[in-house]
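There are 2 protein chains.
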Amino acid sequence: MTPPPAKKRPTIDDVARVAGVSRGTVSRVLTGGHWVSPDASAAVTAAIAETGYRVNPHARSLATSKANSVAFLLTESYERLFDDPNFAILLRGASTALAQSDIPLVLLMAGNEAEQRRATEFITGGHVDGVLLVSSHQGRQDFLPEISRAGVPAISCGIPLGFERKIGYVAADDFSGAQEMVRYLRSIGRTRIGTVAGPQDTSGGLSRLRGYRDELGDDVVEDRIAYGDYGFASGERAMHELLERAPDIDAVFVGNDLMARGAIKAIESTGRRVPEDIAVGGFDDSPAALDGSPTITTMRQPFERISQEMVRLLLAAIAGEATAAMTIPTQLVRRESA
Amino acid sequence: MTPPPAKKRPTIDDVARVAGVSRGTVSRVLTGGHWVSPDASAAVTAAIAETGYRVNPHARSLATSKANSVAFLLTESYERLFDDPNFAILLRGASTALAQSDIPLVLLMAGNEAEQRRATEFITGGHVDGVLLVSSHQGRQDFLPEISRAGVPAISCGIPLGFERKIGYVAADDFSGAQEMVRYLRSIGRTRIGTVAGPQDTSGGLSRLRGYRDELGDDVVEDRIAYGDYGFASGERAMHELLERAPDIDAVFVGNDLMARGAIKAIESTGRRVPEDIAVGGFDDSPAALDGSPTITTMRQPFERISQEMVRLLLAAIAGEATAAMTIPTQLVRRESA
DNA sequence: CTGAAAGCGCTTACAG
DNA sequence: CTGAAAGCGCTTACAG
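Sequence lines, in order, name chains A and B. According to the numbering used here, the first sequence is numbered sequentially starting from 1. According to the numbering used here, the second sequence is numbered sequentially starting from 1001.
So this is what it looks like as structure tokens:
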């Protein structure tokens, strides 16, 4: 009945006093309500409402030694980051999935080594209970051993090259997706199919090229293969290269949509038309596939699903379950470019 | 000299024991090193290295009642979010600037009302010391009063419509930028200049249209004004509308680059050419201005600068300084579209 | 089902 | 400059 102290935030003691119970009982209803009588529970609930009580997250974390938060660690060069909407989609998906469990997302951007050190420091320092790893490039993962040594669970987006067996991951089925795109291009009558492959130190870049090779089998012609870095400009450049080396190609499978946009620009700049002269297939189904002309036929990566599964696996790992790896199928989306 | 306890993380007590000083002294060097003798300081530093001690952030936060973290609150529909790279750039800028002070960024995405409630709860719950507000649309800010009532400092990106006087902000000079673009279009000989304006419940959309009107003065023709929502598709649609209503326009100022891409698609689909028949000026200098053909002449918004200043003002506000508002000039970037 | 008590790991006046 | 002590606000065995 005593009104809570003037200025300060009410604490658990204030609630206990108002409810006429002990601090322990208040804490019990706060942490799940088990082993509390209905009467006590009701009194506490009322007292919480009356006092406007909110749990102090730091005190709780100190007592439980759980941070109740998760890190989203992005180790990617900044250029890629802004160019590539996939990251934003992953971020949203993860944030939303975590919100369901009332767990905030701490965003850690570590594009260079100094930032990676800082991020590692932060993660192993007890600020978070686990980490969602989004770092496509190999070699940007020197911190992985340190994190796992510290016992902080982590789940990777895409196969963590070199750590496949050490940390869990969720990846799109890049290999089969690439196969399917090539198969599709053949099905519409194309016979000289080139590719602009993504970076070969990423699992996606690697697997998609492998899928392309596998599907083509004996029809693979090395001159029809060029490489980019997933950026728009690199797609444009690689396509010019391809047109020079193999001017007779009638289709090209490009490692992601953004490079596909660049490739289309290159193709059109030589007076050829898409898809009439050269059909273009992309990968991702990112906004880049839609925002421009022609719209791009592509393999859809289910990023919402991927981020959801990542969160699910991470939460499970934090709860002590064994980690796991999963692969999720991609889906052909037909549009104007092929 | 005693080795630290086996499994547990070393605490400040372990350090004190190894260094042969009291806990208070260790804490003093941890928190700045003032009022500590050189000898003691050296001993503590050595002990920290020896034990591998790391401060427990929760314990520190509980004792100081400071969270040592800052929220980045994004209240924007998800579609916009992925379409618009500006958010990513702001995010990066803020993250980098905060990292300098060793302050992590907690990302809060609140696209709908339920998420906003949750975010407000989180912010006023003591999880963070301040918030960077990125929410262009008015009406998405019902939570502002509650946050300021809780005494949590906030700095807005762009003018917080309806709260101009209550919370600090950093905004690009949209009005002058729009004026300059129109002036430029005139300087290259265009006389019938239309505009695709952004959403009129955002300070940017509002001010840019105002700048357009102001610069044109008596030459404003209402039929040459259409509206979009900053998305690609809306730019395309609005441009078609404009071409119907005012087929003789020879230039168009579009409220952002992404809509400008859509407008270009619309223009070219009618057989007209950019910039020969219709010159197109955008706003932002986002990747969309570069990733496509033709590249877009635009007004550069200095987002790195904006995010830096936001962080600076927020940190100052957290430190108890009075809040402030600042406006930063934009810059014309000439490319192919005009 | 409930209360009293110890403990989580730090910081910060207070004396000296 | 330094140590002893109180305090930050919670949780969780432990008895009952």
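Ideal placement from N, C-alpha and C gives every residue a C-beta, glycine not left out. Being a predicted model, the structure only gives us computed values, none of them experimental.
For GLU1241(B), I'd like the list of residues in its chain whose CB is within less than 7 Å of its CB, leaving aside the five on either flank, ordered along the chain.
ALA1226
Nearest by alpha-carbon distance to ILE1089(B): which of ARG1017(B), ILE1328(B), ARG1305(B) and VAL1333(B) is it?
ARG1305(B)
Roughly how many angstroms separate the alpha carbons of ALA1238(B) and ARG1149(B), rounded to a whole number?
41 Å
THR1002(B) by DSSP, collapsed to three states: which one?
With a pLDDT of 33 at THR1002(B), under the threshold of 50, the modelled position of that residue is not reliable, and no figure is offered here.
Roughly how many whole angstroms lie between the Cα atoms of ALA1233(B) and ASP291(A)?
8 Å
With distances taken Cα to Cα, identify the nearest neighbour of PRO294(A) among SER95(A), GLN100(A), LYS8(A) and ARG273(A).
ARG273(A)
Is it right to say THR1191(B) is buried, meaning 16 or more other beta carbons lie within 10 angstroms of its own, or is it exposed?
exposed
Should the region 31-49 of chain A be called in touch with the region 1098-1110 of chain B, which here means at least 3 C-beta pairs below 8 Å?
no
In chain order, what are the residue ranges of uninterrupted alpha helix (DSSP H) at least 4 long that sit wholly in the region 1067-1122 of chain B?
1078-1083 and 1085-1099
Does the region 1120-1129 of chain B come into contact with the region 1063-1077 of chain B, if we say contact requires no fewer than three beta-carbon pairs (one atom in each stretch) closer than 8 Å?
yes
Could you list the residues in the region 90-109 of chain A with a C-beta less than 8 Å from some C-beta on chain B, going in chain order?
LEU91, ARG92, SER95, THR96, ALA99, ASP102, PRO104, LEU105, VAL106, LEU107, LEU108 and MET109
Coarse secondary structure for VAL1252(B), derived from DSSP in three states
strand
Run the CB neighbour count on GLU180(A), radius 10 Å, all protein chains shown included, and call it buried at 16 or more, exposed below.
buried
Report the three-state DSSP secondary structure of SER61(A) (helix, strand or coil).
helix
Which of the residues in the region 240-274 of chain A, read from start to end, lie with their CB under 9 Å from any CB of chain B?
LEU258, ARG261, GLY262, ILE264, LYS265, GLU268 and SER269
Chain-ordered residues of the region 1275-1293 of chain B with a beta carbon less than 9 Å from chain A:
SER1286, PRO1287, ALA1288, LEU1290, ASP1291, GLY1292 and SER1293
I believe ALA1063(B) touches VAL1044(B) by the beta-carbon criterion, under 8 Å. Please report the beta-carbon distance rounded to the nearest angstrom.
At roughly 18 Å, the Cβ-Cβ gap does not stay under 8 Å, so ALA1063(B) and VAL1044(B) are not in contact.
Bounding residues of the alpha helix (DSSP H) (the contiguous stretch that carries LEU1185(B)):
1174-1187
C-alpha gap between ILE1344(B) and PRO1153(B), whole angstroms:
Because chain B here runs from 1001 to 1338, residue 1344(B) falls outside it and cannot be looked at.
Would you mind telling me which residues of chain B sit closer than 8 Å to HIS127(A), beta carbon to beta carbon, in chain order?
PRO1057 and PRO1104
Where does GLU1244(B) land, buried or exposed, given buried means 16+ other C-beta within 10 angstroms?
exposed
Within its chain, find whatever has a CB closer than 7 Å to the CB of ARG334(A); leave out the 5 residues flanking it on each side and keep chain order.
THR297
Nearest-angstrom Cα distance between VAL46(A) and ALA171(A)?
Note on identity: in this sequence residue 46(A) is Ala, with Val being the wrong assignment. Roughly 47 Å separates the two Cα atoms.
State the Cα-Cα distance for the pair ASP284(A) and GLY204(A), rounded to the nearest angstrom.
11 Å
Chain A contact for PHE1175(B) (CB, 8 Å cutoff):
no
From PRO5(A) to SER286(A), what distance separates their C-alpha atoms?
Note that PRO5(A) has pLDDT 36, beneath the 50 cutoff, so the model's placement of it is unreliable and the number below is only indicative. If I take the Cα positions, the gap works out to 54 Å.
Name the DSSP beta bridge partners of TYR227(A), please?
ALA197(A)
Could you compute how far the alpha carbon of ARG118(A) sits from the alpha carbon of TYR184(A)?
46 Å
Return the bridge partner residues of MET1310(B) from the DSSP annotation.
Beta-bridge pairing links MET1310(B) to no other residue.
So ASN112(A) and GLY198(A) are supposed to be a Cβ contact under 8 Å. How far apart are they, rounded?
The Cβ separation is near 21 Å, so there is no contact.
Under 8 Å between the Cβ atoms of THR51(A) and ILE167(A)?
no
Opening and closing residue of the beta strand (DSSP E) in which ARG1208(B) lies:
Taken as a continuous stretch (DSSP letters only), ARG1208(B) belongs to no beta strand (DSSP E), being part of the alpha helix (DSSP H) at 1203-1216.
Cα separation between THR1330(B) and PHE1087(B)?
17 Å
Which residues in the same chain have their Cβ closer than 8 Å to the Cβ of SER360(A), if we skip the five residues on either side of it in sequence?
Missing from the structure shown is residue 360(A); chain A here goes from 1 to 338 and no further.
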